[in-house]
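Comments concern the structure below.
Protein chains: 2
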Amino acid sequence: MILELPRKTEHLGAVRIHEVQRVYELDSGASKFPTKAKEAVATISNDEIERINQKMAIVVPIKDERLNLLEGVLSGIPHDCQVIIVSNSARSPVDRFQTEKQSIKEFNHFVDDKILLVHQQDPGISKAFRDAGFDSVLESGTVRGGKAEGMLVATLLGKMLGKEYLGFIDADNYIPGAVHEYVEIFAAGFTLAESPYSMVRVSWTHKPKIEDDRLFFPKWGRVSEVTNQCLNRLIESHTGFGTEIIKTGNAGEHALSMALADLLFYASGFAVETYEIVNILEQFGGLLPPTHPEVMSSGVDIFQIETRNPHLHEDKGEGHIDEMLLSSLGAIYNSPICSEKAKNNIASILAGRGLAKEGQEPPSPTKIEPAATLDLPRFVETIRRESQTLSEFGG
Amino acid sequence: MILELPRKTEHLGAVRIHEVQRVYELDSGASKFPTKAKEAVATISNDEIERINQKMAIVVPIKDERLNLLEGVLSGIPHDCQVIIVSNSARSPVDRFQTEKQSIKEFNHFVDDKILLVHQQDPGISKAFRDAGFDSVLESGTVRGGKAEGMLVATLLGKMLGKEYLGFIDADNYIPGAVHEYVEIFAAGFTLAESPYSMVRVSWTHKPKIEDDRLFFPKWGRVSEVTNQCLNRLIESHTGFGTEIIKTGNAGEHALSMALADLLFYASGFAVETYEIVNILEQFGGLLPPTHPEVMSSGVDIFQIETRNPHLHEDKGEGHIDEMLLSSLGAIYNSPICSEKAKNNIASILAGRGLAKEGQEPPSPTKIEPAATLDLPRFVETIRRESQTLSEFGG
């Protein structure tokens, strides 16, 4: 892979937010220095990518997505990666989880990928959290159905498997080649990172939509544009310099080093990707007392890398747009690092869209405790004993 | 890449037509034997793919396609491959060829790909063909504007560069990851080939269309289905056994070993991909006196490999459908190896679609002489001296 070097980096405390980097070429081939412009670009060799892939788990959250799409996504994930599928699909009237399991088994017969499958609401997992007193993912004693809760389960399973990197890819992608690019982007980012605490967020070059029976390629998603603006206003209120650095405030496709994932609070609901950035700034941005001194000396790298492939996924309709926006902006607004100026900006956006009345504050997200705070060996022991859905394939 | 082994092969004389093979997984990773099912599948390692890529030229014919799409296609072609762009774009009122040249130069500044660019109707190329008495590509002394003529020019340039494989990829593809998969499919096929005379044809898993503002994924293209049926009727009329082996009768994305490309007649017009199969059967199918005894002992391998990525390209509308069908079926109908039964099948299809009256025969394609019949050193010398458009980038 040949990609741009970041042309600008914003520093906040120990956090380094790198400007969006374009992918120039998907496959840089056999040569280690394939281009004369080697001072201007980063070339990540296939060997370097393979080395990261072998230490990376790719998490695919699934919730009633079509099996054809899931199989396409699996076919695009490099064989070297561990796959963790966290299903939150319906179990009645049709048991879609069983259908998914069967379908994964058939797919995997020939490719022999290493796949771990679990249902998010497996009673054994809920029990393991209850036994550990880890209440922040539970509702009435059962793991909540949200994306962040699934991400926490996947983080713990990835940790159990000794993986050093964790990437998230949605199950509704139409383009296996785009999935492959996401994973290579993750590996490229981790290769470039100077800190063991690092994050790679995917920026889509285009997110095609169908308008008047034609494909149209707008540059930004509808929610992202607003989220990015609010995050940038937040950052510039602290640095004193206007910035457009954040382009990936709602990036569903993103990856974390396990060292960083271990320390983060995940926000329940639609705010999870936005809140990762906010929480990194809260913990390591130098604006509040640092939570982990060892991170402050290494720093945290946040990369944003723009794909070559368009992001073509199932259109879930307009229903969630308002909810996503309210969650994402609420996660910024309610942070202790959110300045008055950044709050006013959010309030006026929400009022302008009729999402909040005068003086009404957006909701604060429910937060899930960091994975590091859980006794992992005990958690794993309970799951291995009590789980009704945990299945391991291949490898 | 992990792909199916062909489950069936049709033999006609020295020609082996292999059944469609599915790609199971795009990236088989670092291990040489990544799957336990290694007796049932073919795993082509990254090293094997790189070895072929370094000997392969990827030809991109372009005719007024949007520059954004061309850049996406270039970004998907592995760096190891030589790129040959044969443009047949308009030179007035806007000189699109100059715009393409500028755009390629900008793209290539950072990636340093090896790219050869030429305009198909370069007076120097026409002169080189005229001097050689190679009249079958000329009309009034100038190279005709068709795809097959561009393919011949590219074949000769690839030969000039000493390349051993030649792959063709259209410039109007929306998905760089799909382009990357095509090239890996070509390399996988050539790795599997037992003969130096081999061809790899891409079968699309789906060719999405927009219907009622939704994406629909039909299995077959509209013309392909009919062409495939007619080729299969032709084959079974010789073997005596019904077959559905051909699934890629109109595969624009395909590749040839240079040894095979050198010997083939290309058909002018829309019939070029269909006629490649017909011409291979004419020359090496044992139905007519063999043209090249050395090929008869090695055999000819034709692979058909089904992509994981959907084929999403610019919709050029319905205008050419009838013309494509008439050309493709005409190329089969007028072959000396076309049996009465296969002719009757074609005649009744054309009559049923109102494309031919009772007793009217479909047109026979204009044929271009094989590249091997041209004096290459002299041709190259003339082009190097007289060409007004030949440009070399990178490497």
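Chains as they are written, first to last, in our numbering: chain A, 7 to 401; chain B, 7 to 401.
Even for Gly, the Cβ is constructed at its ideal location relative to N, Cα and C.
Computed from a predicted structure; not experimentally measured.
CA nearest to the CA of residue i, picked from the options
i	options	result
residue 252 (chain B)	B:27, B:9, B:46 and B:93	B:27
residue 7 (chain A)	B:299, B:284 and B:186	B:186
residue 21 (chain B)	B:283, B:399 and B:247	B:283
residue 142 (chain A)	A:398, A:374, A:393 and A:392	A:374
residue 365 (chain B)	B:358, B:359, B:372 and B:353	B:353
residue 301 (chain B)	B:291, B:309 and B:343	B:291
residue 59 (chain B)	B:173, B:348 and B:336	B:173
residue 180 (chain B)	B:71, B:357, B:136 and B:398	B:71
residue 175 (chain B)	B:299, B:148, B:84 and B:246	B:84
residue 14 (chain B)	B:298, B:250 and B:268	B:250
residue 29 (chain B)	B:200, B:243, B:145 and B:311	B:311
residue 275 (chain B)	B:306, B:262, B:182 and B:155	B:155
residue 245 (chain B)	B:345, B:259 and B:229	B:345
residue 33 (chain A)	A:114, A:149, A:190 and A:161	A:190
residue 24 (chain B)	B:31, B:74, B:11 and B:35	B:11
residue 259 (chain A)	A:188, A:118, A:293 and A:41	A:188
residue 211 (chain A)	A:230, A:200, A:262 and A:195	A:230
residue 233 (chain A)	A:86, A:338 and A:286	A:338
residue 369 (chain A)	A:273, A:293, A:50 and A:289	A:273
residue 201 (chain B)	B:76, B:184, B:52 and B:263	B:263
residue 74 (chain B)	B:163, B:94, B:105 and B:57	B:105
residue 367 (chain B)	B:297, B:199, B:384 and B:332	B:332
Simplified DSSP assignment, three categories, for residue i
i	result
residue 382 (chain B)	helix
residue 183 (chain B)	helix
residue 133 (chain A)	helix
residue 419 (chain A)	This structure cannot speak to residue 419 (chain A), because chain A is shown only from 7 to 401.
residue 46 (chain A)	coil
residue 173 (chain A)	strand
residue 235 (chain B)	helix
residue 310 (chain B)	strand
residue 26 (chain A)	coil
residue 207 (chain A)	strand
residue 343 (chain A)	coil
residue 373 (chain B)	strand
residue 230 (chain A)	helix
Proximity below 8 Å, CB of residue i to CB of residue j
i	j	result
residue 126 (chain B)	residue 159 (chain B)	yes
residue 110 (chain A)	residue 123 (chain A)	yes
residue 203 (chain B)	residue 304 (chain B)	yes
residue 382 (chain A)	residue 44 (chain A)	no
residue 214 (chain B)	residue 376 (chain B)	no
residue 402 (chain A)	residue 48 (chain A)	No answer is possible for residue 402 (chain A): it lies beyond the span of chain A, which begins at 7 and ends at 401.
residue 254 (chain B)	residue 314 (chain B)	no
residue 410 (chain B)	residue 209 (chain B)	Residue 410 (chain B) cannot be examined here, being either before or after the span of chain B that is shown, 7 to 401.
residue 62 (chain B)	residue 192 (chain B)	yes
residue 341 (chain B)	residue 128 (chain B)	no
residue 380 (chain A)	residue 140 (chain A)	yes
residue 117 (chain A)	residue 31 (chain B)	yes
residue 205 (chain B)	residue 121 (chain B)	no
residue 400 (chain A)	residue 114 (chain A)	yes
residue 138 (chain A)	residue 385 (chain A)	yes
Chain-ordered neighbours of residue i on chain B, where CB pairs are closer than 8 Å
i	result
residue 178 (chain A)	The contacting residues do not exist; residue 178 (chain A) stays about 12 Å from chain B at best.
residue 209 (chain A)	Per Cβ cutoff of 8 Å: no residues; residue 209 (chain A) is ~15 Å from chain B at best.
Interface residues of chain A facing residue i [CB-CB closer than 8 Å]
i	result
residue 116 (chain B)	8, 10, 30, 41, 43, 46 and 47
Partners in chain B for residue i, counting only beta-carbon separations shorter than 7 Å
i	result
residue 56 (chain A)	35 and 36
residue 78 (chain A)	314
residue 319 (chain A)	Chain B residues near residue 319 (chain A): none, gap ~10 Å exceeds 7 Å.
Chain-ordered chain B contacts of residue i [CB-CB under 9 Å]
i	result
residue 187 (chain A)	182, 183 and 186
residue 82 (chain A)	31, 32, 33, 183, 314 and 315
residue 24 (chain A)	What residue 24 (chain A) touches in chain B: nothing, since even the nearest Cβ is about 18 Å away.
Beta-carbon neighbours of residue i, restricted to chain A and to distances below 7 Å
i	result
residue 60 (chain B)	36
residue 52 (chain B)	52
Distance between beta carbons of residue j and residue i, contact taken as under 8 Å
i	j	result
residue 177 (chain B)	residue 68 (chain B)	4 Å
residue 197 (chain B)	residue 329 (chain B)	So it is not a contact: roughly 36 Å between Cβ atoms.
residue 66 (chain A)	residue 157 (chain A)	With 8 Å as the limit, residue 66 (chain A) and residue 157 (chain A) do not qualify as a contact, their Cβ atoms being about 11 Å apart.
residue 334 (chain B)	residue 280 (chain B)	4 Å
residue 343 (chain B)	residue 293 (chain B)	5 Å
residue 239 (chain B)	residue 351 (chain B)	5 Å
Beta-carbon neighbours of residue i, restricted to chain A and to distances below 9 Å
i	result
residue 86 (chain B)	33, 34, 35, 36, 37 and 40
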